[in-house]
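*Asks:* Mind looking over this structure? Questions follow.
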Amino acid sequence: MNLKLQAYAEILKRIVNTEYQPGQRISEKELSQDLNIGRTPIREAVLQLRQEGLINVIPQSGTYITKIDLQVAISARFIRESIETRIVKEAAALNDPAYIKNLNTIIANQKFFSHQKEFEKFFGEDEAFHREFYLMTNHQQVWEWLQTTNMQLNRFRMLSLKVKNLPWSNLISEHKKILKAVETHDPEEAERLIANHLHLMLDQKDALLRTFPEYFTNVPSKK
(Lines of atoms letter the chains of each structure in order from A and count residues from 1; the text may use other names and numbers.)
(Lines give C-alpha, C1' and ligand atoms only; values in the text may rest on other atoms or scores of the structure.)
Protein backbone atom coordinates (compact mmCIF):
# COMPACT_ATOMS: atom_id res chain seq x y z
CA MET A 1 0.00 0.00 0.00
CA ASN A 2 1.46 3.40 -0.92
CA LEU A 3 1.86 6.04 1.76
CA LYS A 4 -1.09 8.15 0.67
CA LEU A 5 -3.47 5.17 0.85
CA GLN A 6 -1.91 4.09 4.13
CA ALA A 7 -2.42 7.56 5.60
CA TYR A 8 -5.98 7.73 4.26
CA ALA A 9 -6.94 4.31 5.65
CA GLU A 10 -5.50 5.03 9.10
CA ILE A 11 -7.03 8.51 9.45
CA LEU A 12 -10.39 7.20 8.21
CA LYS A 13 -10.29 4.37 10.75
CA ARG A 14 -9.52 6.81 13.57
CA ILE A 15 -12.35 9.10 12.50
CA VAL A 16 -14.88 6.26 12.30
CA ASN A 17 -13.90 4.79 15.66
CA THR A 18 -13.91 8.32 17.18
CA GLU A 19 -10.28 8.19 18.23
CA TYR A 20 -10.30 11.50 16.39
CA GLN A 21 -13.47 12.93 17.88
CA PRO A 22 -16.15 14.83 15.94
CA GLY A 23 -15.31 18.53 16.09
CA GLN A 24 -11.69 17.92 17.14
CA ARG A 25 -9.06 20.26 15.75
CA ILE A 26 -6.17 18.54 13.99
CA SER A 27 -3.15 19.55 11.94
CA GLU A 28 -1.09 17.92 9.21
CA LYS A 29 1.92 18.11 11.52
CA GLU A 30 0.13 16.24 14.30
CA LEU A 31 -1.23 13.64 11.88
CA SER A 32 2.24 13.14 10.44
CA GLN A 33 3.63 12.57 13.93
CA ASP A 34 0.77 10.27 14.98
CA LEU A 35 1.05 8.09 11.89
CA ASN A 36 4.80 8.43 11.34
CA ILE A 37 4.11 9.31 7.70
CA GLY A 38 5.48 12.30 5.76
CA ARG A 39 3.55 15.51 5.27
CA THR A 40 2.92 15.08 1.53
CA PRO A 41 0.93 11.81 1.74
CA ILE A 42 -0.83 13.18 4.83
CA ARG A 43 -1.84 16.29 2.87
CA GLU A 44 -3.16 14.13 -0.01
CA ALA A 45 -5.14 11.95 2.40
CA VAL A 46 -6.61 14.99 4.14
CA LEU A 47 -7.69 16.39 0.78
CA GLN A 48 -9.56 13.17 -0.04
CA LEU A 49 -11.19 13.11 3.40
CA ARG A 50 -12.27 16.74 2.90
CA GLN A 51 -13.92 15.74 -0.36
CA GLU A 52 -15.74 12.96 1.50
CA GLY A 53 -17.01 15.37 4.15
CA LEU A 54 -15.01 13.97 7.07
CA ILE A 55 -12.55 16.84 7.47
CA ASN A 56 -13.32 20.54 7.26
CA VAL A 57 -10.86 23.41 6.82
CA ILE A 58 -12.04 26.76 8.20
CA PRO A 59 -9.97 29.77 7.02
CA GLN A 60 -8.19 31.64 9.83
CA SER A 61 -9.30 28.92 12.25
CA GLY A 62 -7.90 25.50 11.43
CA THR A 63 -8.61 21.97 10.28
CA TYR A 64 -11.28 19.97 12.07
CA ILE A 65 -12.84 16.53 12.08
CA THR A 66 -16.40 17.16 10.96
CA LYS A 67 -19.23 16.41 13.30
CA ILE A 68 -21.54 13.53 12.41
CA ASP A 69 -24.18 14.79 10.01
CA LEU A 70 -27.22 13.05 11.44
CA GLN A 71 -29.47 13.77 8.48
CA VAL A 72 -26.92 12.28 6.07
CA ALA A 73 -26.59 9.23 8.34
CA ILE A 74 -30.37 8.78 8.42
CA SER A 75 -30.56 9.05 4.63
CA ALA A 76 -27.73 6.53 4.24
CA ARG A 77 -29.61 4.12 6.51
CA PHE A 78 -32.71 4.49 4.32
CA ILE A 79 -30.69 3.68 1.19
CA ARG A 80 -29.02 0.74 2.89
CA GLU A 81 -32.31 -0.70 4.12
CA SER A 82 -33.91 -0.31 0.69
CA ILE A 83 -31.10 -2.31 -0.93
CA GLU A 84 -30.20 -4.78 1.79
CA THR A 85 -33.72 -6.10 2.31
CA ARG A 86 -33.65 -7.29 -1.31
CA ILE A 87 -30.12 -8.66 -0.94
CA VAL A 88 -30.98 -10.76 2.13
CA LYS A 89 -34.23 -11.96 0.57
CA GLU A 90 -32.25 -13.13 -2.45
CA ALA A 91 -29.68 -14.78 -0.17
CA ALA A 92 -32.45 -16.73 1.58
CA ALA A 93 -33.54 -18.13 -1.76
CA LEU A 94 -29.95 -19.25 -2.51
CA ASN A 95 -28.68 -20.46 0.89
CA ASP A 96 -25.07 -21.22 -0.11
CA PRO A 97 -23.50 -23.58 2.53
CA ALA A 98 -20.05 -22.01 2.28
CA TYR A 99 -21.39 -18.56 3.07
CA ILE A 100 -23.61 -19.94 5.84
CA LYS A 101 -20.47 -21.37 7.46
CA ASN A 102 -18.75 -17.99 7.16
CA LEU A 103 -21.74 -16.24 8.74
CA ASN A 104 -21.74 -18.63 11.70
CA THR A 105 -18.03 -17.97 12.20
CA ILE A 106 -18.65 -14.22 12.12
CA ILE A 107 -21.35 -14.51 14.79
CA ALA A 108 -18.98 -16.56 16.96
CA ASN A 109 -16.35 -13.85 16.55
CA GLN A 110 -18.90 -11.22 17.55
CA LYS A 111 -19.67 -13.12 20.75
CA PHE A 112 -15.97 -13.25 21.59
CA PHE A 113 -15.33 -9.56 20.95
CA SER A 114 -18.50 -8.67 22.84
CA HIS A 115 -17.21 -10.47 25.93
CA GLN A 116 -13.83 -8.78 25.50
CA LYS A 117 -15.47 -5.35 25.07
CA GLU A 118 -13.44 -4.78 21.91
CA PHE A 119 -15.97 -2.58 20.14
CA GLU A 120 -13.74 -1.79 17.17
CA LYS A 121 -13.27 -5.46 16.29
CA PHE A 122 -16.94 -6.14 17.06
CA PHE A 123 -17.88 -3.44 14.55
CA GLY A 124 -15.59 -5.04 11.96
CA GLU A 125 -17.38 -8.36 12.39
CA ASP A 126 -20.75 -6.60 12.20
CA GLU A 127 -19.73 -5.16 8.84
CA ALA A 128 -18.45 -8.58 7.72
CA PHE A 129 -21.82 -10.17 8.58
CA HIS A 130 -23.74 -7.81 6.32
CA ARG A 131 -21.12 -7.90 3.56
CA GLU A 132 -21.35 -11.69 3.37
CA PHE A 133 -24.88 -11.50 1.98
CA TYR A 134 -23.70 -9.23 -0.83
CA LEU A 135 -20.94 -11.70 -1.65
CA MET A 136 -23.40 -14.62 -1.52
CA THR A 137 -25.67 -12.92 -4.06
CA ASN A 138 -22.82 -11.72 -6.28
CA HIS A 139 -23.42 -8.06 -5.41
CA GLN A 140 -20.00 -7.17 -4.03
CA GLN A 141 -19.85 -4.07 -6.24
CA VAL A 142 -23.09 -2.82 -4.65
CA TRP A 143 -21.54 -3.24 -1.20
CA GLU A 144 -18.44 -1.30 -2.25
CA TRP A 145 -20.62 1.45 -3.70
CA LEU A 146 -22.60 1.66 -0.47
CA GLN A 147 -19.42 2.28 1.50
CA THR A 148 -19.02 5.63 -0.24
CA THR A 149 -22.44 6.73 1.08
CA ASN A 150 -22.08 5.10 4.51
CA MET A 151 -19.36 7.27 6.06
CA GLN A 152 -21.64 9.20 8.43
CA LEU A 153 -23.76 6.11 9.10
CA ASN A 154 -20.70 4.06 10.07
CA ARG A 155 -19.55 6.80 12.45
CA PHE A 156 -22.99 6.74 14.05
CA ARG A 157 -22.99 2.95 14.34
CA MET A 158 -19.50 2.82 15.83
CA LEU A 159 -20.44 5.48 18.36
CA SER A 160 -23.56 3.53 19.34
CA LEU A 161 -21.36 0.67 20.56
CA LYS A 162 -19.97 3.01 23.23
CA VAL A 163 -23.36 3.62 24.84
CA LYS A 164 -23.61 1.32 27.86
CA ASN A 165 -27.38 0.89 27.76
CA LEU A 166 -27.37 -0.31 24.15
CA PRO A 167 -26.27 -3.96 24.67
CA TRP A 168 -24.24 -5.67 21.98
CA SER A 169 -26.06 -8.94 22.68
CA ASN A 170 -29.16 -7.55 20.93
CA LEU A 171 -27.21 -7.20 17.68
CA ILE A 172 -25.89 -10.74 17.95
CA SER A 173 -29.38 -12.09 18.67
CA GLU A 174 -30.80 -10.32 15.62
CA HIS A 175 -27.97 -11.62 13.44
CA LYS A 176 -28.77 -15.18 14.57
CA LYS A 177 -32.44 -14.77 13.64
CA ILE A 178 -31.56 -13.35 10.22
CA LEU A 179 -29.16 -16.21 9.56
CA LYS A 180 -31.76 -18.79 10.64
CA ALA A 181 -34.29 -17.34 8.19
CA VAL A 182 -31.70 -17.54 5.41
CA GLU A 183 -30.76 -21.12 6.38
CA THR A 184 -34.40 -22.24 6.38
CA HIS A 185 -35.11 -20.65 2.99
CA ASP A 186 -37.61 -18.14 4.35
CA PRO A 187 -37.11 -15.02 2.18
CA GLU A 188 -40.08 -13.09 3.59
CA GLU A 189 -38.98 -13.61 7.19
CA ALA A 190 -35.38 -12.76 6.32
CA GLU A 191 -36.56 -9.56 4.64
CA ARG A 192 -38.68 -8.61 7.67
CA LEU A 193 -35.87 -9.29 10.12
CA ILE A 194 -33.18 -7.36 8.25
CA ALA A 195 -35.54 -4.38 7.85
CA ASN A 196 -36.16 -4.33 11.60
CA HIS A 197 -32.44 -4.76 12.27
CA LEU A 198 -31.44 -1.85 10.07
CA HIS A 199 -34.20 0.24 11.61
CA LEU A 200 -32.41 -0.08 14.97
CA MET A 201 -30.43 3.08 14.23
CA LEU A 202 -33.55 5.19 14.57
CA ASP A 203 -34.27 3.59 17.95
CA GLN A 204 -30.73 4.45 19.13
CA LYS A 205 -30.73 8.03 17.90
CA ASP A 206 -32.09 9.73 21.02
CA ALA A 207 -29.74 7.82 23.34
CA LEU A 208 -26.73 8.90 21.28
CA LEU A 209 -27.85 12.52 21.13
CA ARG A 210 -28.24 12.57 24.90
CA THR A 211 -24.83 10.97 25.48
CA PHE A 212 -22.82 12.80 22.81
CA PRO A 213 -24.74 15.99 21.94
CA GLU A 214 -21.56 17.81 20.90
CA TYR A 215 -20.72 15.19 18.26
CA PHE A 216 -23.65 15.86 15.93
CA THR A 217 -24.76 18.44 13.42
CA ASN A 218 -27.81 18.80 11.18
CA VAL A 219 -30.06 17.22 13.81
CA PRO A 220 -33.68 17.14 12.59
CA SER A 221 -35.99 19.11 14.85
CA LYS A 222 -38.58 17.12 16.77
CA LYS A 223 -42.13 17.57 15.59
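So that you can map any letter, position 189 of the sequence shown is 189 in full-length UniProt numbering, and since no number is skipped, the others follow by simple counting.
Ideal Cβ placement from N, Cα and C applies to all residues, glycine included.
Owing to the predicted nature of the structure, the values given are computational and were not obtained by experimental measurement.
Write down every uninterrupted run of the alpha helix (DSSP H) in the UniProt domain "HTH gntR-type" (1–68) whose length is 4 residues or greater and which is fully enclosed by it, in chain order.
*Replies:* 3–16, 28–35, 39–51
*Asks:* Can residue 106 and residue 118 be called in contact, C-beta distance under 7 Å?
*Replies:* Counting from one through the sequence shown, the residue named residue 106 turns up at place 106. Counting from one through the sequence shown, the residue named residue 118 turns up at place 118. Cβ atoms of residue 106 and residue 118: not closer than 7 Å.
*Asks:* Near residue 149, which residues of its chain fall below 7 Å by C-beta distance, leaving aside the five closest residues on each side in sequence?
*Replies:* Here residue 149 is taken as the residue at index 149 of the sequence shown, counted from 1. Counting only Cβ-Cβ distances below 7 Å, and skipping sequence neighbours, we find 76, 79.
*Asks:* Taking a contact to mean a Cβ-Cβ separation below 7 Å, would you say residue 39 touches residue 30 in this structure?
*Replies:* As a working note, residue 39 is residue 39 in the sequence shown. As a working note, residue 30 is residue 30 in the sequence shown. No, Cβ-Cβ distance for residue 39 and residue 30 is not below 7 Å.
*Asks:* Rounded C-beta distance between residue 47 and residue 11? I'm assuming under 8 Å.
*Replies:* Counting from one through the sequence shown, the residue named residue 47 turns up at place 47. Counting from one through the sequence shown, the residue named residue 11 turns up at place 11. No, residue 47 and residue 11 are not in contact; Cβ-Cβ is about 11 Å, not under 8 Å.
*Asks:* Should residue 221 be labelled buried (16 or more other beta-carbon atoms within 10 Å of its own) or exposed?
*Replies:* Taking the first residue of the sequence shown as 1, we reach residue 221 at position 221. With fewer than 16 other Cβ atoms within 10 Å, it is exposed.
*Asks:* Could you tell me which of 15, 42, 17 sits nearest to residue 2, measuring between CA atoms?
*Replies:* Sequence index remark: in the sequence shown, residue 2 carries index 2 (1-based). By alpha-carbon distance to residue 2, the top candidate from 15, 42, 17 is 42.
*Asks:* Per DSSP, what kind of secondary structure is residue 217 in: helix, strand or coil?
*Replies:* Stepping through the sequence shown from its first residue, residue 217 is reached at position 217. Looking at residue 217 - three-state DSSP - the assignment turns out to be strand.
*Asks:* Is the distance from the Cβ of residue 84 to the Cβ of residue 15 below 7 Å?
*Replies:* In the sequence shown, the residue the question calls residue 84 occupies position 84. In the sequence shown, the residue the question calls residue 15 occupies position 15. Cβ atoms of residue 84 and residue 15: not closer than 7 Å.
*Asks:* Could you give the residue range of the alpha helix (DSSP H) that holds residue 117?
*Replies:* Position 117 of the sequence shown holds residue 117. Residue 117 -> no alpha helix (DSSP H), and no H or E assigned at all.
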